[in-house]
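Heads up: the structure comes next, in structure tokens.
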Amino acid sequence: MGTKANSSLDANLGQNLLKQMILIRRFEERAAEEYTKSKIRGFLHLYVGEEAVAVGVVQALNQEDYLLSTYREHGHALARGMNPNVIMAEMYGKQEGCSKGRGGSMHLFDSSLNFFGGNAIVGGHLPLAVGMALASKKQNKKNITSCFFGEGAAAEGEFHESLNLAALWEVPVLFVCENNRYAMGTALKYTHSMEDLEKKGEAYGIRSVAVDGMDLLAVMQAAAEAVEFIRETGKPFFLVCKTYRFRAHSMFDAELYREKSEVEEWKKKDPIPKFKEYLLKENLISQALVDELERDVEQEIENSVAFAENGTWEEASNLTRFVYSELKQP
Amino acid sequence: MNEEEIKKTVFQLLKNIAPETDPSLLMPEENIREALNIDSFDALQFIVSLCEKLKVDIPEEDYGKTSNLKSLIGYLIQKTKG
Amino acid sequence: MTKNVSLTYREALKMAIREALHKDERVFLMGEDVGRYGGAFAVSKGLLQEFGPDRIMDVPLSESGFTGAGIGAALAGMRPIVEVMTVNFSLLAMDQLFNNAATLLHMSGGQLNVPVIIRMGSGIGRQLAAQHSHSWEPFFAHVPGLIVLSVGTHEDARGMLLGALESLDPVILFEYTSMLNLEKEIPEDSGVVDISKSKVRREGTDISLITYGTGVYKCLEAAEALEKEGIKAEVIDLRVLRPLDEATFLASVRKTHRALVVEDAWKSVSISSEIVSRIMEKAFFDLDAPVERLCGVEVPIPYPKHLEDASVPQVSDIVEKVKKMIKP
Amino acid sequence: MIKFLMPNLGADMEDGVLVEWRKQPGDFLQKGDIIADIDTQKGLIEIEVFDEGVLEKILVKEGQKVPVGSVLALINDGKGEEIRESSGDNPTPEVPKILEPQEQAKTKSTEEHRIKISPLARKIAESNGIDLTLLKGTGPEGSIVKEDVEKAISERIANKPVPQPEEKTKEAPEESVNVSRTTSDSIRMAVAAAMSKSNREIPHYFLEKRMDMSKALEWMKESNKTRPVQKRILPVAMLIKAVAKALDEVPDLNATWENGLQRKNEINIGFVVSLRSGGIMVPAILQADSKTVEEIMETLNDLIPRARAFKLRSSELSQSTFTITSIGEGGADKVFGLIYPPQVGIVGFGEISEQPFAEEGMLGIRPVVDVTLSADHRATDGLIGSRFLAALNKHLQNPESL
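Chains as they are written, first to last, in the numbering used here: chain A, 1 to 330; chain Y, 1 to 82; chain V, 1 to 328; chain H, 1 to 402.
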């Protein structure tokens, strides 16, 4: 587990973090099931295996901080506290969903939680993050903007333009790269001349750190240090989390690009059992409580599916609403 | 109306009915309808336009006098004089 | 009677930016060379000294980066004016404009407004050749979620930006580099203008000349010449290319029963294609003759002056066309 | 008992091939176990099961391709025999067709007196001297459309005399002189096609009868005296009316042959007009039976010049139910016509000429006309044809009742 025992981890926090990871895991598995029954359509990208990154980083942020994610965003949304009901309903396309059913799995938004989406263009949200941090700086706000993306995005021009602008303007952005070793079907060594991605941040004079994304404690610690640095200096930070997705890139993927043995190898580093063992060893939790957490999560998942099933379809006559704003200048 | 004017009108009206022909080439005694390949329908059209243009009335009995240029012109001079 | 003041199109643009910066502290200008250099076309000259580097921000050559940053800043409470030096460089920012700015409000079910203003120098002139002479209004006018304006007169150069400031939706401003040095008179107290309606710039009864941007002054000049030949042409300045104010040009066509649409953009799939379709759909029985169009010749704009001039409709072309339409 | 279905694995997946069962009936299944391998266009994919229980029965053999959603196997979850879906299904909504956002009603055009008419209708109206103000439009927004104008034209032919404006004929000649060769070529081809089809398909029989024209010509001369020159009639108008009345009495000839005799209630007589540049056109005189001789003459005054000026519309060339051809003076004595398919008869009038004629034992010189009938033997027989010729002759002998 993490190099030094994390004294700040009390039982309550530990149990909460474990529950968050279990919630994400079970939610994603149920989403996969509903997809095979055609309840969820379109594209579905699951976060199974990377739970420690979302939970570890998001718990370091506060309510005022802005958060932007990609299409593999359910973990970040749940870690941020978005209600599973409105996420499942959104994936069913119902108007009770967080984006009125219009966005689907790849476009979850909740301005009350400062959760600025689900962006499905790889790297497309990095410039947005820089701009939001710029706005905070100009308005002397203390919040920071965190931005999650995969190692695929690190090859986009917008990644390089954004890091340069963030460093140049010294704006409070936390760039979090979830390096899960495969950009859809292309392994890291086929996409990056420099595989140690944190070195790309250093090239722009940005403090950059790589961390084991399968170890929740390590991620928490790195994230805490990163956020602290940003709040103090106002400067950006680049955190690379080495992680692995246990399932396919999306639902329709025969995973021809990787060996089954490699997946099994990484499953041994599953962040959930590893963290559970740690809590049990440090008797910060009992097995009975673990079972109870599992049951609570199971119920939450059932409720979210029921909520989605009972959801309603937005009227087609609403189609053109919100193409333009209905409010006038505040 | 003098003879020249009548002749010009006759040629012009014949040209209307048989545009691809040249009525001025007609010999005085030549049968107009045969020469210019004019059927009974077009012949009536010709008579009607003559009556309107020269403000005369040509009864059916006088049709015979209109068969060739010479008699037609003579007939029309006499008709317009009176 | 208000006094008139004579100023260039450039000065009118600058007055609008200055007024916006003074009026609302959330406003800031960002773009390549807008600060120390004073603006590629000197539109923002002197503003850095007056407002400081925080509000007049020079940016690196990263159109997608800084345009996206502008959109992000708008999401988070600012009112950025992003200058994309010319529309020719806007292709690199299309992902941010079409996939983010135009889409976020609708896709988020009405949660996220993007009150950003994008200014772009546009159009032909001064022999800048194919890559620096584009007229891409039709691209932007195709995208729902964007408000697309064409600054065809000094009055609009003075006031359109201020109108855009009152909108909560992303506004694209097409400014015309060939008009920057042009001097005209406008009322001294000119200021904010409406940005939702087209405008009848000159009344007429025989034919409607429907145009925008650089076409406005050309059509007014042509109408002047036609008047001497007894033809009263009405000139409609579209001003808003999306969402189109069709009521104004339809009313005009119903009055004149003839229409000629004039623009510099390439003819196929252009603004005029849309205007003609709407007239056919909604004023068909008011037409005495088919609607005609005078547009850009469909070529990459050539460098030599005589070819550049031949690539877009000129005043004489407009006059000849109208005369042929009225007396075939 | 739970149905295990072929899972939906992707936005564009329609079916899958079951390659291999990884579990056999009787095996215990846990949530997440791999139950089978499915082959898709993206490659082989392991399929997991989401329900716990015992694999009861396999319904799809290995190697079989089945669409998404079909039942692959049954799983006994120990909750009774009744076969259930694994969970409720709610189909996506039937999306109503989205119309344009409600545009405001089309604003009325400013000037009140402006006539709404399609460009095509306007063009037809102008070339036929139709007064638009009298028409009521049936097109969109109450506009006048082609149909409205054409109806007005045919009604006008049926009931209102049309002054034959003087300049009309003047305009016609230039028109036909510079007509391009292609038009007369195309007419030649059209006639060729019709005549060869007629010759190929129609078994003609031919009848002939010489008819005394003296009473008719006498009646015509007397009544022409009472008419202005413009309204003077020609014998052909009487012949057409007589044919129309005869067809009224012998309806089998006023018909078409389209797998069986199709009698026509309207009697529209096609009149063969020879063109000065060669070729013929056959415009129809609509409801010839209800028109007076004067009205038939007027129709000819309208149709013949327009035919010769190539200004006839296709609709005017396609409605005849019977045809008349007349050879006129100075040529052949009689003419045997070829039937215009799908009609079943054509009458041919020879030249009206003075001939010896015997009547009641007296021999005299009379103006006579040799009338022929060519008829389709599939549709009628000689008896009907000759009864028609007899009726025709009877009407010609009573011109005043035409």
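All residues carry an ideal CB built from backbone N, CA and C; glycine is no exception.
Here the structure is a predicted model, which means the values were calculated and not measured.
Within 8 Å (strictly less), CB to CB, does residue i reach chain H?
i: Phe285 of chain V; result: yes
i: Leu256 of chain A; result: yes
i: Met214 of chain A; result: no
i: Phe11 of chain Y; result: no
i: Tyr35 of chain A; result: yes
i: Ile6 of chain Y; result: no
Exposed or buried, residue i, counting other C-beta atoms within 10 Å across all chains shown (16 or more means buried)?
i: Met362 of chain H; result: exposed
i: Val227 of chain A; result: buried
i: Thr133 of chain H; result: exposed
i: Leu120 of chain H; result: exposed
i: Ile34 of chain H; result: exposed
i: Phe322 of chain A; result: buried
i: His22 of chain V; result: exposed
i: Pro60 of chain V; result: exposed
i: Leu68 of chain A; result: buried
i: Leu167 of chain V; result: It should be noted that the sequence gives Ser, not Leu, for residue 167 of chain V. It is buried - the Cβ of Ser167 of chain V has at least 16 other Cβ atoms within 10 Å.
i: Gln111 of chain V; result: buried
From the beta carbon of residue i, is the nearest beta carbon of chain Y less than 8 Å away?
i: Val368 of chain H; result: no
i: Leu300 of chain H; result: yes
i: Leu234 of chain H; result: yes
i: Ile117 of chain H; result: no
Assuming residue i is part of the alpha helix (DSSP H), what are its boundary residues?
i: Asn216 of chain V; result: Reading the sequence as shown, one finds Val at residue 216 of chain V and not Asn. Start and end: Gly215 to Lys228.
i: Ala251 of chain V; result: Glu246 to Thr256
i: Leu48 of chain V; result: Leu47 to Phe51
i: Pro187 of chain V; result: Pro187 of chain V -> not in any alpha helix (DSSP H); beta strand (DSSP E) instead, spanning Glu183 to Pro187.
I need the boundaries of the beta strand (DSSP E) containing residue i, first residue and last residue.
i: Ile38 of chain H; result: Ile34 to Thr40
i: Asp296 of chain A; result: Looking at the DSSP string, Asp296 of chain A is not in any beta strand (DSSP E); the run it does join, the alpha helix (DSSP H), is Gln287 to Glu309.
i: Gly201 of chain A; result: Gly201 of chain A -> not in any beta strand (DSSP E); alpha helix (DSSP H) instead, spanning Glu198 to Ala203.
i: Gln262 of chain H; result: Leu261 to Arg263
Would residue i pass as an interface residue toward chain A - the criterion being a Cβ-Cβ separation below 8 Å?
i: Asp288 of chain V; result: no
i: Ala69 of chain V; result: yes
i: Leu91 of chain V; result: no
i: Lys65 of chain H; result: no
i: Lys136 of chain H; result: no
i: Gly279 of chain H; result: no
With DSSP as the reference, identify every bridge partner of residue i, one or two as the case may be.
i: Ser24 of chain Y; result: Bridge partners of Ser24 of chain Y: none, in fact.
i: Gln343 of chain H; result: H:Thr256
i: Tyr182 of chain A; result: A:Ala187
i: Asn442 of chain H; result: Outside the shown range of chain H (1 to 402) lies residue 442 of chain H, about which nothing can therefore be said.
i: Ala259 of chain V; result: V:Ser208
i: Glu359 of chain H; result: H:Met362
Taking C-alpha atoms, which residue in the options lies nearest to residue i?
i: Glu155 of chain V; options: V:Ser311, V:Ser6 and V:Ile318; result: V:Ser6
i: Arg36 of chain V; options: V:Lys45, V:Phe28 and V:Val261; result: V:Lys45
i: Pro187 of chain V; options: V:Thr153, V:Ala289, V:Val59 and V:Leu260; result: V:Thr153
i: Glu51 of chain A; options: A:Leu78, A:Ser136, A:Gly42 and A:Lys199; result: A:Leu78
i: Arg366 of chain H; options: H:Thr372, H:Ser374 and H:Phe357; result: H:Phe357
i: Arg41 of chain A; options: H:Phe388, H:Glu56 and H:Asn8; result: H:Asn8
i: Pro341 of chain H; options: H:Met211, H:Ser374 and H:Leu5; result: H:Ser374
i: Gln131 of chain V; options: V:Leu165, V:Asp95 and V:Ser90; result: V:Ser90
i: Phe271 of chain H; options: H:Gly260, H:Leu286 and H:Ile384; result: H:Leu286
i: Glu234 of chain V; options: V:Leu226, V:Ser311 and V:His106; result: V:Leu226
i: Ala89 of chain A; options: A:Asn318, A:Thr312 and A:Thr320; result: A:Thr312
i: His74 of chain A; options: A:Asn114, A:Leu126, A:Tyr66 and A:Gly118; result: A:Gly118
i: Gly260 of chain H; options: H:Arg156, H:His204 and H:Asp252; result: H:Asp252
Is residue i close to chain C, meaning its C-beta is less than 8 Å from at least one C-beta of that chain?
i: Asn8 of chain H; result: Looking for chain C here will not work: the only protein chains present are A, Y, V and H.
Is residue i close to chain V? Criterion is C-beta to C-beta, closer than 8 Å.
i: Met21 of chain A; result: no
i: Pro127 of chain A; result: yes
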